[in-house]
Structures are given as structure tokens and as C-alpha cells.
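Undergrad: Residues 2 to 100, numbered by the working numbering, are exactly what the sequence shown covers, in order. Glycine residues also receive a C-beta, built at the ideal position from the N, C-alpha and C atoms. Just so you know, these numbers come straight off a predicted model, no measurement behind them. Attaching a single structure in C-alpha cells format; questions to follow.
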Amino acid sequence: MTALARRRRARVEIGDRAVALFLVGERVFAFDDVCIHKGRSLSRGVVWQGRVVCPAHQWAFDPGTGRAEGRDECQPVHDVAVIDGVVHVDPHPRRTEEI
């Protein structure tokens, strides 16, 4: 959690899946790392005005739902729990209809 607090973003591997972690305010959010738009790494993006912004074409995603701003598409999101300063990520993304 300390490294995430410093950089506000990180890329982790969970099994064979790359996951991007973002610290937005005091909450941790997790997305599949590969952007649904152009396949770029979201973990190289930024948090801007409460949204996660892809570095390729600046698509902005809601950190809680993964919904792309102004679009119908959703970036896969993962449930996250922080327990005693350790970030735990569900390895399976939520389905869009669960969001």
C-alpha cells in the first residue's frame, strides 16, 4: 500500500492477468490493465478529476464501474479490499451487468 500511496498507480500480476491498481482519494480501485479501446496499459495512465485516464487516447473511466466517460463501453473492474494495509484483489473481474 505504501508504494501505491506514493505513485498512486501500480501494475500487478494475478495469475496470468495483468491488473492496474489506482489510488483515487483514499480508495483503491482495480482494472484489467489492457485498455478496451487501444490495448494500451492503463497502469501507465493517470488519475484526473476522479477518473482513470488511458495514456493512449485519453479515454476516461469511472474507477468504480469501469464505464468509459461518454461511451457505452466498460473497462473490466475487480473488487478490492485493503486489510491491514495489504491490497487484496479478486482475480476475476465483475461482469458488466453486475456494475
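Quick one, are the C-beta atoms of Val35 and Gly46 less than 9 Å apart?
TA: For the purposes of this step, residue 35 is taken as residue 34 along the sequence shown, with counting starting at 1. For the purposes of this step, residue 46 is taken as residue 45 along the sequence shown, with counting starting at 1. Against a cut-off of 9 Å, the Cβ pair of Gly46 and Val35 comes out as no contact.
Undergrad: Note down, in chain order, each residue of its chain lying with its Cβ closer than 8 Å to the Cβ of Glu70, except the 5 sequence neighbours on either side.
TA: Start at 1 with the first residue of the sequence shown, and residue 70 comes out as number 69. These residues qualify, in order along the chain: Arg52, Trp60, Ala61, Phe62 and Asp63.
Undergrad: Contact defined as beta carbons within less than 8 Å: I believe Val13 pairs with Val83. What is the distance between those atoms, to the nearest angstrom?
TA: Mapped onto the sequence shown, residue 13 falls at position 12. Mapped onto the sequence shown, residue 83 falls at position 82. Rounded, the Cβ-Cβ distance is 14 Å, inconsistent with contact.
Undergrad: Measure the C-alpha to C-alpha separation of Thr66 and Val87 and round it to an integer number of angstroms.
TA: For this step, residue 66 is matched to residue 65 along the sequence shown. For this step, residue 87 is matched to residue 86 along the sequence shown. Whole-angstrom Cα-Cα distance: 22 Å.
Undergrad: Between the alpha carbons of Ser44 and Asp85, how many angstroms are there, rounded?
TA: Residue 44 sits at position 43 when you count from the first residue of the sequence shown. Residue 85 sits at position 84 when you count from the first residue of the sequence shown. Each residue's alpha carbon lies about 24 Å from the other.
Undergrad: Who are the Cβ neighbours of Asp91 in its own chain at under 6 Å, not counting the five residues just before and after it?
TA: For the purposes of this step, residue 91 is taken as residue 90 along the sequence shown, with counting starting at 1. So the qualifying residues of the chain are His79 and Asp80.
Undergrad: Could you tell me which of His93, Leu5 and Glu74 sits nearest to His38, measuring between CA atoms?
TA: The sequence position of residue 38 within the sequence shown is 37, counting from 1. That would be Glu74, whose Cα lies nearest to the Cα of His38.
Undergrad: Please report the straight-line C-alpha distance between Gly40 and Arg7, rounded to a whole angstrom.
TA: Within the sequence shown, the letter at position 39 stands for residue 40. Within the sequence shown, the letter at position 6 stands for residue 7. Whole-angstrom Cα-Cα distance: 26 Å.
Undergrad: Excluding the 5 residues flanking Ser42 on each side, which residues of the same chain have their C-beta closer than 8 Å to its C-beta?
TA: One-based indexing of the sequence shown puts residue 42 at position 41. Result list for Ser42: Arg12, Ala19, Ala21, Asp34, Val35, Cys36 and Pro56, in chain order.
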